[in-house]
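**Student:** Right, I'll just put the structure down here and ask away after.
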Amino acid sequence: MGKIYLIDVTNRDGVQTARLGLSKLAKTMMNIYLNEMGVYQSEFGFPTTRHESHYLRANIKLAEMGVLHPIRLGGWLRATAGDVETAFRLVPDIKHLNLSISTSQQMITGKFRGAKTEQDILTMATDAIDAAKSHGVETLGINAEDASRTDIDFLLRFASAGKEHGADRFRYCDTLGYDNPFTIYDSCKQLAEEVGIPIETHCHGDLGMAVANSVAGAMGIVDGGQDAYINATVNGIGERAGNADLVAVVLALRRSKGMAEKYKLGGSIKLKKAWKMCKYASYAFGVPIPINQPGVGANAFAHASGIHADGVLKDPQNYELYDYKELGRGEPEEVETGREICSGQYSGTAGFGHIMGKMEIEFKNRDEAEMILELARYANVLAQKPLVEDELKFIARYPDIAKELMTIAPLE
Ligand SMILES: [Zn+2]
Numbered sequence: 186m187g188k189i190y191l192i193d194v195t196n197r198d199g200v201q202t203a204r205l206g207l208s209k210l211a212k213t214m215m216n217i218y219l220n221e222m223g224v225y226q227s228e229f230g231f232p233t234t235r236h237e238s239h240y241l242r243a244n245i246k247l248a249e250m251g252v253l254h255p256i257r258l259g260g261w262l263r264a265t266a267g268d269v270e271t272a273f274r275l276v277p278d279i280k281h282l283n284l285s286i287s288t289s290q291q292m293i294t295g296k297f298r299g300a301k302t303e304q305d306i307l308t309m310a311t312d313a314i315d316a317a318k319s320h321g322v323e324t325l326g327i328n329a330e331d332a333s334r335t336d337i338d339f340l341l342r343f344a345s346a347g348k349e350h351g352a353d354r355f356r357y358c359d360t361l362g363y364d365n366p367f368t369i370y371d372s373c374k375q376l377a378e379e380v381g382i383p384i385e386t387h388c389h390g391d392l393g394m395a396v397a398n399s400v401a402g403a404m405g406i407v408d409g410g411q412d413a414y415i416n417a418t419v420n421g422i423g424e425r426a427g428n429a430d431l432v433a434v435v436l437a438l439r440r441s442k443g444m445a446e447k448y449k450l451g452g453s454i455k456l457k458k459a460w461k462m463c464k465y466a467s468y469a470f471g472v473p474i475p476i477n478q479p480g481v482g483a484n485a486f487a488h489a490s491g492i493h494a495d496g497v498l499k500d501p502q503n504y505e506l507y508d509y510k511e512l513g514r515g516e517p518e519e520v521e522t523g524r525e526i527c528s529g530q531y532s533g534t535a536g537f538g539h540i541m542g543k544m545e546i547e548f549k550n551r552d553e554a555e556m557i558l559e560l561a562r563y564a565n566v567l568a569q570k571p572l573v574e575d576e577l578k579f580i581a582r583y584p585d586i587a588k589e590l591m592t593i594a595p596l597e
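Just so you know, we're using our numbering here: the sequence shown kicks off at 186 and counts up by one.
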């Protein structure tokens, strides 16, 4: 039986969302939290985008140091041989890639405007795979953008061509959230059976079915005899109506009717890390967690009405499917209600020393303290909001890495 793995795409789909974004330090913190949670892979950025280069290289160093381990850091780029060359020129040590190209008739006529045929798409994709292979990429995914609106026969040919050229996974992108659980189950099962390649689902919420479609797709892949890799984002943040929410996907796989007995999660997911990670993502993106968000919403374990309150007091399982402690909730959190000294881009030694002292971070000498303060100022310039404790601790612990990932030099 195949297993189900999670690929988080917050640092790719999440950050490319209109009006939203993360600083390079925040992206790094997301990778750290995802690693702690046991997520299989983080799609950590865009290796052909120049302002990502230092961040990507610094995070690969963190992986080599064992800080970001065992999580895999995957880059995303267009499936062209030229983009693959650019990616390896800018980020030579990148090990995991996903190459994306549109496959649907809608995109061929509506986007490529007749400039490309189905055969051209196959050729571009396989040339890109060959190029990535020649650079020694460790794992490689080939993405069919708009797969759900692609003729299934062409999709089968596309995935088979990818496999023949050495792709390790095929990504089925329901780019517009067009599928429903029944259609995506059928398509994914057929692809798994007929192509014989592990498959990723990539689902969006335009019709409110991103989580359901991801789970149903994964069921089809496993029933088709392959491993499934669900793409998800923290708090469901992503293009338009968003992506499948990571925590909701895990809850659905663990807790929905009859699921866990038949469909197994690969690796060990530590859901206890969810609360902290989701709160951080909310702060970093500046997007509140909806009150009714599964697992981490303010109302996920709140009861007011007489019948429900009475029932949950007698036995929580009367009105709760899972316990708040499973998500890492329930610990008291300290919130400053009086005077507060915050980090900022114009922080000085005294205020900064006070903040770091409260976190019990000690410096070897004054020079080190000043260097860390300087880096924290830069981090504030990029974040445009006070840094949280974990960010300050990260900078103090890995100053060289922090310096590298925050380096952005236009037109380098
Ligand atoms: Zn997407």
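For each residue, glycine too, the CB sits at the ideal point set by N, CA and C. All figures in this text were calculated on a predicted structure; none of them were measured in a lab.
Using a Cβ-based criterion (distance less than 7 Å to any ligand heavy atom), does Asn-428 qualify as near ligand 2?
**Tutor:** Ligand 2 is not part of the structure shown, which contains ligand 1 as its ligands.
**Student:** Is the beta carbon of Gly-145 within less than 7 Å of some heavy atom of ligand 1?
**Tutor:** Beyond the ends of the chain as shown, which are 186 and 597, falls residue 145; an answer cannot be given.
**Student:** Give a yes or no on contact between the region 406-417 and the region 371-389, applying the rule of three or more CB pairs nearer than 8 Å.
**Tutor:** Result yes; three or more Cβ-Cβ pairs closer than 8 Å.
**Student:** So for Asn-328, helix, strand or coil by DSSP?
**Tutor:** Note: Asn-328 maps to strand in three-state DSSP.
**Student:** Within this structure, are the beta carbons of Asn-244 and Leu-506 separated by less than 8 Å?
**Tutor:** In this structure, Leu-506 does not lie closer than 8 Å to Asn-244 by Cβ.
**Student:** Within 7 Å: the Cβ of Thr-360 and any heavy atom of ligand 1?
**Tutor:** Result yes, Cβ under 7 Å from ligand 1.
**Student:** Please classify Thr-534: does DSSP put it in a helix, a strand, or coil?
**Tutor:** If DSSP states are grouped into helix, strand and coil, Thr-534 belongs with the helices.
**Student:** For the region 311-321 against the region 330-341, are there 3 or more C-beta pairs whose distance is under 8 Å?
**Tutor:** Output reads no: the region 330-341 does not touch the region 311-321.
**Student:** Which residue or residues does DSSP assign as beta-bridge partners of Leu-282?
**Tutor:** Paired residues: Gly-260 and Leu-325.
**Student:** Measuring straight from C-alpha to C-alpha, what distance separates Asp-552 and Ile-546?
**Tutor:** If you take the alpha carbons of Asp-552 and Ile-546, they lie about 15 Å apart.
**Student:** Can you pull the DSSP bridge partners for Leu-436?
**Tutor:** Note: Leu-436 sits in no beta bridge, so no partner.
**Student:** If the criterion is Cβ atoms closer than 8 Å, does the pair Phe-229 and Asn-196 meet it?
**Tutor:** Yes, these two residues count as a Cβ contact at 8 Å.
**Student:** So, for Ala-469: in the same chain, excluding its five sequence neighbours on each side, which residues have a beta-carbon less than 8 Å away from its beta-carbon?
**Tutor:** Within the same chain, Ala-469 has close Cβ partners Leu-207, Ser-208, Ala-211, Met-214, Met-215 and Ala-568.
**Student:** I'd like to know whether the C-beta atoms of Ser-610 and Ile-189 end up nearer to each other than 8 Å.
**Tutor:** It is not possible to answer for residue 610, since the shown part of the chain is limited to 186 through 597.
**Student:** How should Val-566 be labelled, buried or exposed, when 16 other C-beta atoms within 10 angstroms of its C-beta is the threshold for buried?
**Tutor:** Per the 10 Å Cβ criterion, exposed.
**Student:** Secondary structure at Asp-495, three-state DSSP: helix, strand or coil?
**Tutor:** Reduced to three states, the DSSP call for Asp-495 is helix.
**Student:** Which class does Arg-181 belong to by DSSP, given the choice of helix, strand or coil?
**Tutor:** The structure shown does not extend to residue 181, since the chain spans only 186 to 597, so no value can be given for it.
**Student:** Should Ile-192 be labelled buried (16 or more other beta-carbon atoms within 10 Å of its own) or exposed?
**Tutor:** Looking at its Cβ environment, which holds 16 or more other Cβ atoms inside 10 Å, Ile-192 is buried.
**Student:** Does any heavy atom of ligand 1 sit closer than 7 Å to the C-beta of His-387?
**Tutor:** Result yes, Cβ under 7 Å from ligand 1.
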